[in-house]
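The numbering of the sequence shown is the working numbering, which starts it at 24 and goes up by one.
The beta carbon of each residue, even a glycine, is placed where N, CA and C say it ideally should be.
Following: one structure in structure tokens, then a few remarks.
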Amino acid sequence: TSSDYASCLMGMGSSCFGTVDDLTSYGSAVRWCHPVEPLYTGYGDTGDKAVLAASLLLAAGFDTAIVHLPDVWAVGISGCIASSETVEGYAVLAAEVSDTLYHICDVDSFQGIGMMSDCYGFDGSFTYHGVAVQGRGFGIIQCTA
24 TSSDYASCLM GMGSSCFGTV DDLTSYGSAV RWCHPVEPLY TGYGDTGDKA VLAASLLLAA
84 GFDTAIVHLP DVWAVGISGC IASSETVEGY AVLAAEVSDT LYHICDVDSF QGIGMMSDCY
144 GFDGSFTYHG VAVQGRGFGI IQCTA
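Structure follows, in structure tokens:
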């Protein structure tokens, strides 16, 4: 199914590439790399891995988004069924943008479509332990080819 294919792509990005922060890798606090760089180096920070995963999903025909939450970058996938499995410490997270529902996926430790650490919640805006984070550089951006 399309959900299985999306899970396969997300799982590959999560399990095949290590997570290393930009300061350790490049000596600067923030460095955005090209989506192909984690394929070459074998690692990237959560932002690099989110861009790679979103690029792979977009190339495979999925409607995707990049999601910035406190302390993590994630990927939103539309048109897939959210995971129904219960995973300790994870909860299903979704966001709607322009009438499109995205299931938000953790790229660092992928557990299933829509699965994010249960410290994140959704109440009409992104929240972190119940505190709205709109306007502080957090949110969701739809990807285009």
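Going by DSSP, Leu75 is part of the alpha helix (DSSP H) stretching over Thr69 to Ala82. By alpha-carbon distance to Gln165, the top candidate from Ile104, Gln134 and His91 is His91.
Annotation: Gln134 to Cys128 spans about 8 Å, alpha carbon to alpha carbon. Ala97 sits in a strand when the DSSP states are folded into three classes. A buried status is given to Asp68, since no fewer than 16 other beta-carbon atoms sit within 10 Å of its beta-carbon.
As a beta-bridge residue in DSSP terms, Leu92 pairs with Val95. For Gly112, no alpha helix (DSSP H) segment is defined, and its DSSP state is neither H nor E.
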